[in-house]
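*Asks:* Count the sequence shown with the numbering used here and you get residues 16 to 607, in order. C-beta atoms are modelled at their ideal positions from N, C-alpha and C, and glycine is treated no differently.
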Amino acid sequence: MSLEAKIILEDNETIIQLNPGESLLKNLTNNNFKLESPCGGKGSCGKCKIRILQGQVIPSSQDKIYFSEDELIKGYRLACTCYPEECVIIEVEKNFSCNYEIITTNKIQKISKDNLRVNIYEVKINEEILEEINNITSYINKTLQLQLNYSLDSLEKLAFLLKDDITIIDKIYIKTMEAKVIDVSTKPIDSYGIAIDIGTTTLAISLIDMKTGNIINNYSSINPQQKYGYDVITRIQYASEDEKNLKEMSKLISSALEESINKLLSMSNIDKLLLDCITIAGNTTMIQLLLGLDSFSISLAPFTMITNQIIDLSYAEVFKTHNLKAKIFLLPSVSAYVGGDITSGIYTTDMGHKDFISILLDIGTNGEMVIGNKDKLMSASTAAGPAFEGAKIKYGVGGVKGAIEAIKIEGNKVLVKTIANEPPLGICGTGVVDIVSELLDNKIIDETGYLNEEYLNEDKEYFITNKEDKTNIGFTQKDIREVQLAKAAILAGIEVLIQSYQCSYEDIDKIYLSGGFGTKLHFEQAINIGLLPKELKEKIVPIGNSSLDGAIKFLLNKDASNELENIIRKTDYIELSLNQDFNNKFIDNMYF
Numbered sequence: 016m017s018l019e020a021k022i023i024l025e026d027n028e029t030i031i032q033l034n035p036g037e038s039l040l041k042n043l044t045n046n047n048f049k050l051e052s053p054c055g056g057k058g059s060c061g062k063c064k065i066r067i068l069q070g071q072v073i074p075s076s077q078d079k080i081y082f083s084e085d086e087l088i089k090g091y092r093l094a095c096t097c098y099p100e101e102c103v104i105i106e107v108e109k110n111f112s113c114n115y116e117i118i119t120t121n122k123i124q125k126i127s128k129d130n131l132r133v134n135i136y137e138v139k140i141n142e143e144i145l146e147e148i149n150n151i152t153s154y155i156n157k158t159l160q161l162q163l164n165y166s167l168d169s170l171e172k173l174a175f176l177l178k179d180d181i182t183i184i185d186k187i188y189i190k191t192m193e194a195k196v197i198d199v200s201t202k203p204i205d206s207y208g209i210a211i212d213i214g215t216t217t218l219a220i221s222l223i224d225m226k227t228g229n230i231i232n233n234y235s236s237i238n239p240q241q242k243y244g245y246d247v248i249t250r251i252q253y254a255s256e257d258e259k260n261l262k263e264m265s266k267l268i269s270s271a272l273e274e275s276i277n278k279l280l281s282m283s284n285i286d287k288l289l290l291d292c293i294t295i296a297g298n299t300t301m302i303q304l305l306l307g308l309d310s311f312s313i314s315l316a317p318f319t320m321i322t323n324q325i326i327d328l329s330y331a332e333v334f335k336t337h338n339l340k341a342k343i344f345l346l347p348s349v350s351a352y353v354g355g356d357i358t359s360g361i362y363t364t365d366m367g368h369k370d371f372i373s374i375l376l377d378i379g380t381n382g383e384m385v386i387g388n389k390d391k392l393m394s395a396s397t398a399a400g401p402a403f404e405g406a407k408i409k410y411g412v413g414g415v416k417g418a419i420e421a422i423k424i425e426g427n428k429v430l431v432k433t434i435a436n437e438p439p440l441g442i443c444g445t446g447v448v449d450i451v452s453e454l455l456d457n458k459i460i461d462e463t464g465y466l467n468e469e470y471l472n473e474d475k476e477y478f479i480t481n482k483e484d485k486t487n488i489g490f491t492q493k494d495i496r497e498v499q500l501a502k503a504a505i506l507a508g509i510e511v512l513i514q515s516y517q518c519s520y521e522d523i524d525k526i527y528l529s530g531g532f533g534t535k536l537h538f539e540q541a542i543n544i545g546l547l548p549k550e551l552k553e554k555i556v557p558i559g560n561s562s563l564d565g566a567i568k569f570l571l572n573k574d575a576s577n578e579l580e581n582i583i584r585k586t587d588y589i590e591l592s593l594n595q596d597f598n599n600k601f602i603d604n605m606y607f
């Protein structure tokens, strides 16, 4: 007898076939049901909650950790540890991860005409001129005073022009990318490029006019690899299990990017043949998985990546199709855990060219940080993201609509603000920082992080939403410990970088906060809980999506490759897990 499950999602019912021996989470994922699963189905996050309405499933040991006795009786289970042995009816909660508030960019990159990667020139040419020359490419080069090479496509167009159009024209338009002619036309022509930031959680894409640097349009979506875990280690482990999984992970991200590129071109009414260049920035794991490269060596000491060079490929090599002829550049990483997204951030802030010392900090799935100036740069990375991205917080969610992003305690009242003013469904990173800061200020937790039980409900939670609110969002002692681990790691990392750079807080001119969390973070609360150093309070500068901004700057600038190669050469990496000073500072910074 085959196993079936009836899935109830809001008002919809779907019947799926269950593969015996596979968890309910895997069965649901294989049938395109998207459950929250930050840990990738390991039973360690407690997020993949479902409810068995009919049928018997014995609670697992993990179920007993994450659900009360009353919830277990009502049928609540973790899908990742649920293995039905009979037909069941299951209630699944709606996944809100498709409603992420994703930061793109509106920053205009100012690149001088001499440094533009793509240029379009007018060249006077007619029948009389052709009678005086013996080849057209030498004439073009001499007229423009440039040493240009020619693509086969441009040569074919010149040949066609000589055959059919020369008697009716007096000029042609030449499109060059760096020192190569890539297009020829008898009519004015345009050029467009696309810059992409591949985040662990989200994808942000900008369409750029290559002649002016103007942003034509932005597009964003969720990274579909998320269903196999929210952090890079979980995804690497899944992809490394067998070659089929690696190909699946590569296909997931490449298909999502290609779909996004096509949507962006379509919504902007841009002919895809005018797309000449694509730049992609992302952490080391995201880039390697996009290219289908096994990344297991990243997950274990000594954390070896495959390359730290700029990768220059054709569209067909990356996307396995010939739909577009655009050239693709993938930005280089400093190390396994300081990726091309951070290299891009260094590039767009120009911190490697400045006299003064600055810090770049990106608190995402990992906490990546760089310190330096024109003389040298030093970088490090520390695991901090799970607490601030919702993965290890009981009611934690990402930056989705309805996520609590700001909290204030006034007497017995807890005031909350949610993203897009939607009904509250969980707490995102900035809300997590706020609630801990408020609990400290109101002496509900002490400097050790102990949560006073006088303020807790019967489930050992401090209520954030009102008791009559059906969402019942609270904060637990375990949540506070997770925040302590994360904030201690970030602050200890900053302190080690400053110490290793042999400078002081007074020497630092700016601390750039990058990414969605850094842009939305409430600085006073972050300093209050010890996430950021109080000495840098007046020097904090949020800079938005610096990974995407740097990818746009690279897209437009013909000298960008030299710039990024120089950044890679001059940036040292400190492995914090092997640094005794970090371990000592980490312990010290656990206190509030």
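Report yes if the CB atom of A507 is closer than 7 Å to the CB atom of F597, and no otherwise.
*Replies:* Contact flag set, yes.
*Asks:* Among residues of its own chain, excluding the 5 on either side of L261, which ones have a beta-carbon nearer than 8 Å to its beta-carbon?
*Replies:* A254, S255, L304, G307, D309
*Asks:* Considering only their Cβ atoms, is the gap separating I105 from I65 smaller than 7 Å?
*Replies:* yes
*Asks:* Sort out for me which residues DSSP pairs P557 with in a bridge.
*Replies:* L528
*Asks:* Can you find the residues in the same chain that come closer than 7 Å, C-beta to C-beta, to N46, ignoring five residues on each side of it along the sequence?
*Replies:* Answer for N46: I31, listed in chain order.
*Asks:* Thinking just about the alpha-carbon of each residue, which of K585, I567, T336, L18 is nearest to the one in S348?
*Replies:* K585
*Asks:* CA-CA distance, L87 and L93?
*Replies:* 10 Å
*Asks:* What three-state label does DSSP hand I419 in the structure shown?
*Replies:* strand
*Asks:* Looking at the strands, I want to know which residues DSSP matches up with V196.
*Replies:* Y165, T191
*Asks:* Tell me whether E468 sits in a helix, a strand or coil according to DSSP, three-state version.
*Replies:* helix
*Asks:* Are I495 and L455 closer than 7 Å when you measure CB to CB?
*Replies:* no
*Asks:* In three-state DSSP terms, what is G56?
*Replies:* coil
*Asks:* Can you list, in chain order, the residues of its chain with a C-beta nearer than 8 Å to that of L471? Leave out the 5 residues immediately preceding and following it.
*Replies:* Y477
*Asks:* Measuring alpha carbon to alpha carbon, tell me which residue in E37, S275, G360, N27 is nearest A566.
*Replies:* G360
*Asks:* Please state whether the Cβ-Cβ distance between N130 and N572 is less than 7 Å.
*Replies:* Yes.
*Asks:* Give the DSSP bridge partners of G382, in chain order.
*Replies:* I378, T397
*Asks:* Is the CB of Y136 under 7 Å away from at least one CB in chain C?
*Replies:* Given the protein chain composition of this structure (a single chain), no chain C is represented.
*Asks:* Have a look at the DSSP bridge pairing and note the partners of C292.
*Replies:* G208, K342
*Asks:* Indicate whether V103 and A210 have their beta-carbon atoms separated by less than 7 Å.
*Replies:* no
*Asks:* What is the C-beta distance between V498 and V447, in whole angstroms, given that I count them as a contact (C-beta under 8 Å)?
*Replies:* That pair is a contact at about 6 Å.
*Asks:* Among the candidates I184, L570, G489, whose CA atom is the shortest distance from the CA of L430?
*Replies:* G489
*Asks:* With three or more C-beta pairs closer than 8 Å as the rule, is the segment 280-290 touching the segment 308-322?
*Replies:* no
*Asks:* Between the segment 553-566 and the segment 408-425, are three or more C-beta pairs nearer than 8 Å?
*Replies:* The segment 553-566, when compared against the segment 408-425, does not touch it at the 8 Å Cβ threshold.
*Asks:* Can you check which of these residues, G382, N560, S373, S270, is closest to S519 by C-alpha distance?
*Replies:* S373
*Asks:* Output the boundary residues of the alpha helix (DSSP H) element that contains I144.
*Replies:* Here the alpha helix (DSSP H) through I144 covers 142-147.
*Asks:* Can you say whether K157 is buried or exposed, counting buried as having 16 or more other CB atoms within 10 angstroms of its CB?
*Replies:* exposed
*Asks:* Report the rounded CA-to-CA distance for T445 versus I542, giving the unit in angstroms.
*Replies:* Each residue's alpha carbon lies about 13 Å from the other.
*Asks:* Quick check: the Cα distance between M320 and T152, rounded to an integer number of angstroms?
*Replies:* 43 Å
*Asks:* In whole angstroms, what separates the C-alpha of E510 from that of G36?
*Replies:* 48 Å
*Asks:* With H, G and I counted as helix, E and B as strand and the rest as coil, what does DSSP make of R584?
*Replies:* For R584, the secondary structure class from DSSP, reduced to helix, strand or coil, is helix.
*Asks:* If I follow the unbroken alpha helix (DSSP H) through S359, where does it start and stop?
*Replies:* Note, S359: alpha helix (DSSP H), 355-364.
*Asks:* Do you know offhand how far T364's Cα is from P557's?
*Replies:* 11 Å
*Asks:* I need the DSSP call for V107, collapsed to helix, strand or coil.
*Replies:* strand
*Asks:* Return the Cβ separation of G70 and T96 in integer angstroms, given the expectation that the two are a contact with Cβ distance under 8 Å.
*Replies:* That belief does not hold up - the Cβ atoms of G70 and T96 are roughly 16 Å apart, past 8 Å.
*Asks:* Relative to the C-alpha of T300, which residue among A398, E108, I213 is closest?
*Replies:* Among A398, E108, I213, the Cα nearest to that of T300 belongs to I213.
*Asks:* Sort I197, S221, K202, T217 by Cα distance to G208 and report the nearest one.
*Replies:* S221
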